[in-house]
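There are 2 protein chains.
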Amino acid sequence: MAAELVPNKKVILKNYITGFVKETDMELINSDTIQLKLPEGSPGMIVKNLYLSCDPYMRSRMSKHDEPNYVSEFAAGSVITGNGVSKVVYSGHPDFSVGDFVWGMTGWEEYSVITYPESFFKIKDTDVPLSYYTGILGMPGFTAYIGFYEICAPKKGEYVFVSAASGAVGQLVGQFAKLMGCYVVGSASSDEKVDLLKSKFDFDEAFNYRKEPDLNATLKRYFPEGIDIYFENVGGAMLDAVLLNMRPHGRISACGMISQYNLEKPEGVHNLMHIIANRIRFKGFLIFYYYHRYYEFVEKIIPDIRQGKIKYVEDKVEGLENGPAALISLFKGLNVGKKLVVIAHE
Amino acid sequence: MAAELVPNKKVILKNYITGFVKETDMELINSDTIQLKLPEGSPGMIVKNLYLSCDPYMRSRMSKHDEPNYVSEFAAGSVITGNGVSKVVYSGHPDFSVGDFVWGMTGWEEYSVITYPESFFKIKDTDVPLSYYTGILGMPGFTAYIGFYEICAPKKGEYVFVSAASGAVGQLVGQFAKLMGCYVVGSASSDEKVDLLKSKFDFDEAFNYRKEPDLNATLKRYFPEGIDIYFENVGGAMLDAVLLNMRPHGRISACGMISQYNLEKPEGVHNLMHIIANRIRFKGFLIFYYYHRYYEFVEKIIPDIRQGKIKYVEDKVEGLENGPAALISLFKGLNVGKKLVVIAHE
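Note that the protein sequences, when read in sequence, are chains A and B. Just so you know, we're using the working numbering here: the first sequence kicks off at 3 and counts up by one. Just so you know, we're using the working numbering here: the second sequence kicks off at 3 and counts up by one.
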């Protein structure tokens with residue numbers, strides 16, 4: 003007997019785009035259905051998506067790539083994919099059971115068929131909000147953890163600068179740096195976020211870069227001794243100004259450059275000579291190559307979350323139909339904290 | 003009784019400059035004299051300069067620095083300084099004796115007073131040409147050694163690209179890479195140099211970048227599998243093209259960016275996102291922080307030089323009066339091999 007068909011709303015990418023992404027580049031499709039069962043013997047699973055993560059890197063998947071890229075393009079005309087928190091509603095895989103909460107690469111749709119369940123993390127700690135697994139306990143939080151502790155190799159007392167500091171990654175990096183005894187300054191795109199950085203996340207200082215006409219002068223004001231560690235999230239003009247202010251042996255870790263993703267040609271960075279003059283290590287990294295250490299991270303950070311030692315701010319929108327606008331808000335700097343889309347609560 | 007005064011020709015920097023350096027920015031002064039003796043009890047020494055090294059970084063010392071730089075400016079109106087090979091003619095220092103050959107930071111003049119002899123290296127092996135200590139056995143050679151073996155962390159079989167490959171540093175890097183079993187391609191600014199790279203220095207391939215309208219396409223032709231290691235000597239457009247062609251886990255070591263030194267504003271580099279996408283480590287270094295390991299380097303390389311396993315090409319000019327033109331030739335790419343000025347042979 004065939005399983006029942008249920009409706010399955012989804013958001014698709016209509017066509018590959020260039021320039022700034024618009025809501026009309028995506029479309030909500032209401033007409034699809036799905037059968038919540040896989041053929042006998044299939045090792046896949048079907049998940050009900052609860053929370054969808056809006057992440058800057060997703061923009062690069064919306065353009066046709068001329069050069070090979072670390073993530074493939076979305077399939078034009080097909081559902082957008084991204085990290086999400088989901089509940090298993092059907093499983094043909096021995097490691098996953100119906101009712102399990104998981105996170106991993108899912109679709110922007112109500113239900114997704116997961117062909118390789120092994121690529122998902124099972125959520126073991128459910129006493130914290132499940133939505134946290136799109137952010138502080140998911141890919142962005144783990145990015146902050148590896149990027150700061152591993153790539154930046156910080157030492158107590160060092161001067162740390164974080165751009166996009168109120169975002170999903172930046173807010174964590176700043177708090178990690180403070181816990182280590184560093185001096186931490188963050189930049190963000192609004193006064194509201196600047197307040198949040200100082201009042202909630204305990205940054206020593208923060209500034210609204212949109213109000214600073216000369217970023218080099220701004221950085222000199224906040225870092226009269228220079229910057230030891232720059233956690234790079236934005237690229238472009240900010241990176242150029244940072245390069246002028248790095249201290250000898252400075253470290254730059256780069257996991258993203260959000261200011262560049264919507265440009266047809268990335269901005270030029272002019273001050274790379276300072277990498278030589280100050281013997282800087284500029285290291286790019288991709289978090290999924292560290293995923294074998296993910297549970298180590300959760301074990302370390304979750305007590306601090308429970309005890310309130312580490313704070314976290316989410317910016318949630320409800321409803322798949324609001325997904326496209328939510329994603330775009332990232333690139334306009336309109337999100338305050340981790341942006342995510344709530345599809346269902348359970 | 004006062005010691006005899008001897009003539010001491012010198013080359014001075016007339017004024018701080020912007021833009022492309024010209025011969026008239028420097029001047030030969032014929033009127034100076036020097037007494038070849040220091041006051042009783044002085045720990046300094048006086049050296050007779052034999053060979054003066056022309057090095058790209060010297061250009062940056064000719065401009066007034068807006069931002070702190072790893073080397074100070076020359077003193078406008080005073081003698082130009084740089085690495086040179088010299089003979090001690092007076093010593094108040096217990097470690098140096100009259101007749102010793104040394105190399106270190108000296109003046110572009112016939113005789114120099116050295117206030118801190120400790121900053122000089124004594125030349126122990128004199129069976130090779132003394133001029134080699136401006137290049138293969140001096141700062142550039144040691145730069146190639148540390149930059150390649152230490153900063154690039156090469157492995158047998160890797161794909162290596164060297165820019166400014168026939169220069170003092172590049173020719174060594176290429177040969178080190180070949181000795182390690184790497185595939186090596188070099189770029190240079192003339193067909194003559196390209197021939198030299200392939201016929202003398204054993205590069206697998208080489209190209210004249212001035213004949214290549216699309217450096218990205220050129221690199222794809224020579225590196226269909228991509229580049230593991232880029233030894234950066236030039237910066238600018240070449241770096242931008244290289245970034246498009248790096249392999250995952252690629253390493254870029256940077257000790258200089260000669261294409262940028264004469265520009266009022268350095269070129270923009272647009273493809274830094276590839277540092278993230280390919281998890282590249284881009285590391286700047288300054289060789290003088292490694293000088294405590296200099297003799298280790300000499301001991302390793304000198305047998306290979308004696309046995310002809312490592313080749314070396316110099317481009318010498320005779321006479322201090324030809325120093326300014328010699329230095330400028332570097333930035334025009336007119337030198338073929340290590341550029342140096344011969345002041346005296348002994």
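In this text, a Cβ means the ideal position worked out from N, Cα and C, and glycines have one as well. Please read these numbers as outputs of a predicted model, since none were measured by experiment.
- Separation of B/N273 and B/L241 (C-alpha to C-alpha, rounded to the nearest whole angstrom) is 9 Å.
- With a 10 Å radius around the Cβ and a threshold of 16 neighbouring Cβ atoms, B/L181 comes out exposed.
- Within the region 148-172 of chain B, no residue has a Cβ lying closer than 9 Å to any Cβ of chain A.
- Per DSSP, reduced to three states, the secondary structure at A/K50 is strand.
- Counting C-beta atoms within 10 angstroms of its own C-beta, A/Y185 has 16 or more neighbours from the protein chains shown and is therefore classed as buried.
- When secondary structure is reduced to three states using DSSP, A/M182 falls in the coil class, being assigned neither helix nor strand.
- Not one beta carbon of chain A lies nearer than 8 Å to the beta carbon of B/Y18.
- Distance check between A/F233 and each of A/V187, A/K340 and A/S191 places A/V187 closest, using alpha-carbon atoms only.
- Note that the C-beta distance between A/E25 and A/G137 is not below 8 Å.
- Not a single C-beta of chain B is nearer than 8 Å to the C-beta of A/A208.
- Contact check for B/A170 and B/K340: beta-carbon distance about 4 Å, within the 8 Å limit, so the pair qualifies.
- Following the DSSP letters along the chain, one finds A/N218 in no beta strand (DSSP E) but inside the alpha helix (DSSP H) bounded by residues L217 to Y224.
- Comparing alpha-carbon positions, the option among A/S44, A/S133 and A/T128 lying closest to A/S93 turns out to be A/S44.
- Restricting attention to B/I307, B/V300 and B/Y293, the CA atom closest to the CA of B/M107 is found in B/Y293.
- In this structure, B/V49 is the residue among B/V49, B/F299, B/K158 and B/P268 with its C-alpha nearest to the C-alpha of B/A346.
- A check of alpha carbon separations from A/V104 across A/K334, A/L54, A/P305 and A/A167 identifies A/L54 as the nearest.
- The continuous alpha helix (DSSP H) containing A/S201 extends over residues D193 to S201.
- Between the region 255-274 of chain B and the region 282-293 of chain B, the count of Cβ pairs shorter than 8 Å is three or higher; the stretches touch.
- Proximity of the region 325-336 of chain A to the region 211-230 of chain B falls short of the contact definition, fewer than three beta-carbon pairs being nearer than 8 Å.
- Secondary structure at A/G238: helix, using DSSP grouped into helix, strand and coil.
- Within the region 66-144 of chain B, the complete beta strand (DSSP E) segments of 3 residues or longer fall at 83-93, 103-109 and 113-116, listed in chain order.
- K267, P268, E269, G270, V271, H272, N273, L274, M275, H276, I277, I278, A279, N280, R281, I282, R283, F284 and K285: these are the residues of the region 267-285 of chain B whose beta carbon lies less than 9 Å from some beta carbon of chain A, given in chain order.
- C-alpha of A/V196 to C-alpha of A/F209: approximately 6 Å in a straight line.
- When Cβ pairs closer than 8 Å are counted between the two stretches, the region 55-62 of chain A is seen not to touch the region 112-129 of chain A, the count staying below three.
- B/I36: member of the beta strand (DSSP E) spanning T35 to Q37, first to last residue.
- Residues of chain B whose Cβ lies closer than 8 Å to the Cβ of A/Y72 are, in chain order, I278, A279 and N280.
- Comparing alpha carbon positions, the residue from A/K12, A/P268, A/S165 and A/C154 closest to A/H251 is A/C154.
- Under the 8 Å criterion on CB atoms, B/A256 is classed as interfacial with respect to chain A.
- Taking all protein chains shown into account, B/I31 has fewer than 16 neighbouring C-beta atoms within 10 Å of its C-beta and is therefore exposed.
- Residue-level contact check: A/M259 touches chain B, since one or more beta carbons of chain B fall below 8 Å from its beta carbon.
- DSSP, read as helix, strand or coil, puts A/M248 in strand.
- Per the Cβ contact rule, the region 156-166 of chain A is not in contact with the region 306-326 of chain A (fewer than 3 Cβ pairs under 8 Å).
- Taking 8 Å as the cut-off, the beta carbon of A/F144 is found no closer than this to the beta carbon of A/F22.
- DSSP assignment within the region 279-339 of chain B yields the following whole beta strand (DSSP E) runs of 3 residues or more, N-terminal first: 283-286 and 316-320.
- Below the 8 Å Cβ cutoff, chain B contributes L274 and M275 as neighbours of A/G237, in chain order.
- At a cut-off of 8 Å, the C-beta of A/Q262 has a neighbouring C-beta in chain B.
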